[in-house]
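J.:
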Amino acid sequence: MGVSPDSSENTCMVIDHIGVVVPSLEEAIQQWEELFGYKKNSEIVINTRQRVRVVFLTKKKSLTVKLVEPSEPASPVFAFARRGGGLHHLCFRCDDLKVQIPLLKEKGAKFIVPPEPGEAFRNKKIAFFLAKHNLNVELIDTTEKEGWPQEA
Numbered sequence: 136m137g138v139s140p141d142s143s144e145n146t147c148m149v150i151d152h153i154g155v156v157v158p159s160l161e162e163a164i165q166q167w168e169e170l171f172g173y174k175k176n177s178e179i180v181i182n183t184r185q186r187v188r189v190v191f192l193t194k195k196k197s198l199t200v201k202l203v204e205p206s207e208p209a210s211p212v213f214a215f216a217r218r219g220g221g222l223h224h225l226c227f228r229c230d231d232l233k234v235q236i237p238l239l240k241e242k243g244a245k246f247i248v249p250p251e252p253g254e255a256f257r258n259k260k261i262a263f264f265l266a267k268h269n270l271n272v273e274l275i276d277t278t279e280k281e282g283w284p285q286e287a
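Using my numbering, read the sequence shown as starting at 136 and increasing by one per residue.
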């Protein structure tokens with residue numbers, strides 16, 4: 136039996152952003168600006184742990200988009216980017232990773248990156264897990280983003 140939509144342990148789970156892997160940040164930024172009206176809202180941040188470069192894009196009344204480009208061949212998204220990239224993950228923000236992770240594990244989530252500092256999130260902890268149907272999910276418990284204006 137599924138969890139009811141108003142279950143208190145899931146109420147804190149909201150989509151923070153969608154992650155899209157791209158072969159080139161510069162080309163992708165231009166595409167998202169020209170085709171969809173998004174604007175670059177952060178500086179490009181280098182994530183040394185995941186070996187990627189990322190940038191956040193925003194648009195009024197829309198979800199935030201994080202573009203992700205591999206910074207070296209050892210990046211976990213290098214092969215995906217070489218094939219053209221595409222939708223990579225949904226990022227859910229929760230109240231507390233330490234509380235949410237055990238709950239998700241109980242429900243069958245397979246953690247592929249345990250909590251570690253996320254350079255794009257001012258070194259607040261992030262984690263990645265795989266849910267059913269091959270859904271790759273990033274989990275955070277912060278609204279802070281590196282290179283993002285403080286008032287955002």
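Note that CB positions come from ideal geometry on N, CA and C, so glycine has one too. Source: prediction; values computed, not measured.
Less than 8 Å between the beta carbons of C229 and I150, yes or no?
T.: Position 94 of the sequence shown holds residue 229. Position 15 of the sequence shown holds residue 150. The answer is no: Cβ separation not under 8 Å.
J.: Which runs of the beta strand (DSSP E), 3 residues or longer, sit entirely within the stretch 154-226?
T.: Qualifying beta strand (DSSP E) stretches, in chain order: 180-182, 187-193 and 199-205.
J.: Please classify G154 as buried or exposed, where buried requires at least 16 other C-beta atoms within 10 Å of its C-beta.
T.: Counting from 1 along the sequence shown, the entry for residue 154 is found at position 19. It counts as buried.
J.: Any heavy atom of the ligand GTP closer than 7 Å to the beta-carbon of K245?
T.: Looking at this structure, you won't find the ligand GTP or any other ligand, since it has none at all.
J.: In angstroms, rounded to a whole number, what distance separates the CA positions of L192 and L160?
T.: Taking the first residue of the sequence shown as position 1, residue 192 is located at position 57. Taking the first residue of the sequence shown as position 1, residue 160 is located at position 25. Each residue's alpha carbon lies about 11 Å from the other.
J.: Does the beta-carbon of S197 have 16 or more other beta-carbons within 10 angstroms, so that it is buried, or is it exposed?
T.: On the sequence shown, position 62 is the one that residue 197 refers to. It counts as exposed.
J.: Using DSSP with H/G/I as helix, E/B as strand and the rest coil, what is E273?
T.: Along the sequence shown, one-based indexing puts residue 273 at 138. DSSP places E273 in strand when its eight states are reduced to three.
J.: With the cut-off set at 8 Å, would you say S206 and W283 are in Cβ contact?
T.: The residue labelled residue 206 in the question sits at position 71 within the sequence shown. The residue labelled residue 283 in the question sits at position 148 within the sequence shown. The answer is no: Cβ separation not under 8 Å.
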